[in-house]
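Down below is the structure, laid out as structure tokens.
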Amino acid sequence: MRLHVADHPLVTHKLTILRDAKTPSPTFRQLVDELVTLLAYEATRDVATHPVEIETPVARTTGRKLADPAPIVIPILRAGLGMLEGMTRLLPTAEVGFLGLKRDEETLEAITYANRLPEDLTGRQVFILDPMLATGGTLVAAMEYVFERGARDVTAVCLIAAPEGLKTVEAYVGERADVQVVVAALDERLNEKAYIVPGLGDAGDRLYGIV
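The sequence shown begins at 6 in the numbering used here and counts up one residue at a time.
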């Protein structure tokens, strides 16, 4: 498993405002969208392409286009929805699947309540979107779904991550697939309630309000 922490002043700036408890939901949503577009640029460095011949106004040349089959982007509901537009802005031809996973606050285990994924992901590049990589349970559950469907090239895009969660994901992945995790920041730790410290609070609540 590979970890990429986006090191860019704009990423740091936007993440700082996201962390601020005084930032209102509309501003939070806009900044998540902008931040994910920056992270998507890093996450798609190895996206599959193939050569094509084209005619420019001046001459014939060889360029590259995204290869088939198209990548698939999978936001983890509900907070991952706030990241979807920022990702598909750079990958407009990607297909979109959905996974609904929530954390049991007592056991900290991921519970599935929605699944809209293709049955076969063999040969597909998969991008999983989830703002917080805390314990790692949700991301492991999502990867289990895509691995079962044949995916072996998986990139997780998260706003922030905790070291404990990364260790959990790395132990689960092992040698079974090529997995990359792209984050805006690697935070210090988890607290006693398994929240990321310093973190940014509950991303879903800050995006959409408390339901």
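Even glycine gets a Cβ: it sits at the ideal position worked out from N, Cα and C.
Whole-Å CB distance - residue i paired with residue j, under 8 Å assumed
i, j, result
"Leu82", "Leu205", "Incorrect: roughly 19 Å between the Cβ atoms, too far for contact."
"Ala146", "Thr117", "7 Å"
"Asp207", "Ile201", "So it is not a contact: roughly 10 Å between Cβ atoms."
"Leu171", "Leu138", "7 Å"
N-terminal and C-terminal residue of the beta strand (DSSP E) that residue i is part of
i, result
"Pro62", "No beta strand (DSSP E) holds Pro62; DSSP gives it neither H nor E."
"Val187", "Asp183 to Leu191"
"Tyr200", "Element bounds for Tyr200: n/a, residue is neither H nor E."
"Ile116", "Ala115 to Arg121"
Straight-line gap, residue i to residue j (C-alpha atoms, nearest Å)
i, j, result
"Thr53", "Asp210", "It is Ala, not Thr, that sits at residue 53 in the sequence shown. Straight-line Cα distance between these residues: approximately 35 Å."
"Pro80", "Glu124", "17 Å"
"Asp51", "Asp25", "33 Å"
"Val16", "Pro76", "24 Å"
"Gly142", "Ala115", "6 Å"
"Phe152", "Pro62", "45 Å"
Nonlocal neighbours in the same chain, by C-beta distance under 7 Å from residue i, ignoring five residues either side
i, result
"Glu60", "none"
"Glu58", "Arg65 and Thr67"
"Arg129", "Pro74, Pro76, Ile77 and Ala156"
Boundaries of the alpha helix (DSSP H) in which residue i is found, first to last residue
i, result
"His18", "Pro14 to Arg24"
"Val159", "Where Val159 is concerned, there is no enclosing alpha helix (DSSP H), although the beta strand (DSSP E) it sits in stretches over Asp158 to Ala166."
Sequence-distant residues of the same chain with beta carbon closer than 8 Å to residue i, five excluded per side
i, result
"Pro56", "Thr67, Gly68 and Arg69"
"Thr42", "Gly91, Met92, Arg94 and Leu95"
(request) Tell me, please, whether the region 152-168 touches the region 179-190 by the rule of three or more beta-carbon pairs shorter than 8 Å. (result) yes
(message) For the region 6-22 against the region 92-104, do three or more pairs of beta-carbon atoms, one drawn from each stretch, fall closer than 8 Å, so that the two count as touching?
(response) no
(request) Take every Cβ of the region 120-136, pair it with every Cβ of the region 84-99, and state whether three or more of those distances are shorter than 8 Å. (result) yes
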